[in-house]
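>
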Amino acid sequence: MKRLVEKISQPKKELIKLSIPLTMLLTSINIEASYSKLAKVANMHPKTLEKIVHKLVKIESTTGKYNVKNKKSGAYGRYQIMPSTAKFYAKKLTIPKNKWKLPSNQDKIFNAIMKDNILSLKRSGHKISAFSLYATHQQGAGGFNAIMKNKALTKRLEKSLRQNLPDKLRKVRKSQLRSTWINYWKRKLS
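Numbering (the working numbering), first residue to last: 295 to 484.
Here it is, written out as structure tokens:
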């Protein structure tokens, strides 16, 4: 009987070892499928969108890990999504609010945010690019539109622009802030 239990236990251990890479593979397949859907919405090739997302992830979390937390802003995960935004989208996607940090749910939430951002960019007449997608992720659709349409900067938007520049560029005059921010991020994302 003891040998039979040992034989049964051994395959379970092997299955558990295999389940982690299998989960990662399935998540990867789901992400690839979502790139195809998003790319259609954006009118671009899926590989182009995938490259843009990889750039965004590299900027936001550098490691691409799902458990990274920004101590200053509170943004969390692979895509550095603010908890309030994540909870809003979790509700919209019927994801339990205490489960939004799971990697597969972060991917779903990010894809929904990206879709909304792409649609907003299209409605506003902005070209969809690495710069516009990242800038919309960083500043929100309304903030990005205000920046690009040369609308007056609110104190909140001015603060956000300065916080998202390197230290050496943060102290530029308000009259130069918009162009400094645009030029910095366009260069970084080219």
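Cβ coordinates follow ideal geometry from the N, Cα and C atoms, glycine included. Computed from a predicted model, the values in this text were never measured in an experiment.
Smallest Cα separation from residue 438: which of 470, 460, 476?
Along the sequence shown, one-based indexing puts residue 438 at 144. Minimum Cα distance to residue 438 is reached at 476.
> Nearest to residue 443 by CA position, among 420, 454, 427, 460, is which residue?
Reading the sequence shown from its first residue, position 149 is the one you call residue 443. For residue 443, the nearest C-alpha among the options comes from 420.
> On the criterion of 16 or more Cβ atoms from any shown chain inside 10 Å, does residue 352 qualify as buried, or is it exposed?
The residue you call residue 352 lines up with position 58 of the sequence shown. So residue 352 ends up on the exposed side.
> Taking the C-alpha atoms as reference points, what is the distance between residue 468 and residue 330?
Stepping through the sequence shown from its first residue, residue 468 is reached at position 174. Stepping through the sequence shown from its first residue, residue 330 is reached at position 36. Near 40 Å, if we compare the C-alpha coordinates of residue 330 and residue 468.
> Could you give the residue range of the alpha helix (DSSP H) that holds residue 342?
As a working mapping, residue 342 is identified with position 48 in the sequence shown. Element bounds for residue 342: 340–355.
> Return the chain-ordered list of same chain residues with a C-beta closer than 7 Å to the C-beta of residue 463, the five sequence neighbours on each side being excluded.
Locating residue 463 in the sequence shown gives position 169, counting from the first residue. Cβ neighbours of residue 463 beyond the five flanking positions: 474, 478.
> Can you give, in chain order, each stretch of the alpha helix (DSSP H) that sits fully within the segment 375–459 and has at least 4 residues?
As far as the segment 375–459 is concerned, its whole alpha helix (DSSP H) runs of at least 4 residues are 377–386, 397–418, 424–442, 449–457.
> Could you check what DSSP says for residue 329 in three-state terms: helix, strand or coil?
In the sequence shown, counting from the first residue as 1, residue 329 sits at position 35. Three-state result, residue 329: helix.
> Please determine if the segment 401–413 and the segment 376–392 are in contact, where contact requires at least 3 C-beta pairs separated by less than 8 Å.
Verdict: yes, contact present.
> May I ask you to report which of helix, strand or coil DSSP gives residue 360?
Residue mapping note: residue 360 aligns to position 66 of the sequence shown, counting from 1. Coil at residue 360, not helix or strand.
> Sorted by chain position, which residues of the same chain lie with C-beta nearer than 7 Å to residue 369's C-beta, five sequence neighbours on each side aside?
Position 75 of the sequence shown, counting from 1, holds the residue named residue 369. Once the five neighbours on either side are set aside, the close Cβ partners of residue 369 are 375, 376.
> Measure the alpha-carbon distance for residue 411 versus residue 482 and round it to whole angstroms.
Here residue 411 refers to the residue found at position 117 when the sequence shown is read from its first residue. Here residue 482 refers to the residue found at position 188 when the sequence shown is read from its first residue. Using only the alpha carbons, I get a separation of about 20 Å.
> How should residue 484 be labelled, buried or exposed, when 16 other C-beta atoms within 10 angstroms of its C-beta is the threshold for buried?
Walking along the sequence shown from the start, residue 484 turns up at place 190. Flag for residue 484 reads exposed.
> In the structure shown, what three-state DSSP assignment does residue 478 receive?
Indexing the sequence shown from 1 puts residue 478 at position 184. In the structure shown, residue 478 sits in a helix (DSSP, three-state: H, G or I).
> For the candidate residues 343, 334, 435, whose alpha-carbon lies nearest to that of residue 417?
If you number the sequence shown from 1, residue 417 lands on position 123. Checking every option, the nearest Cα to that of residue 417 belongs to 435.
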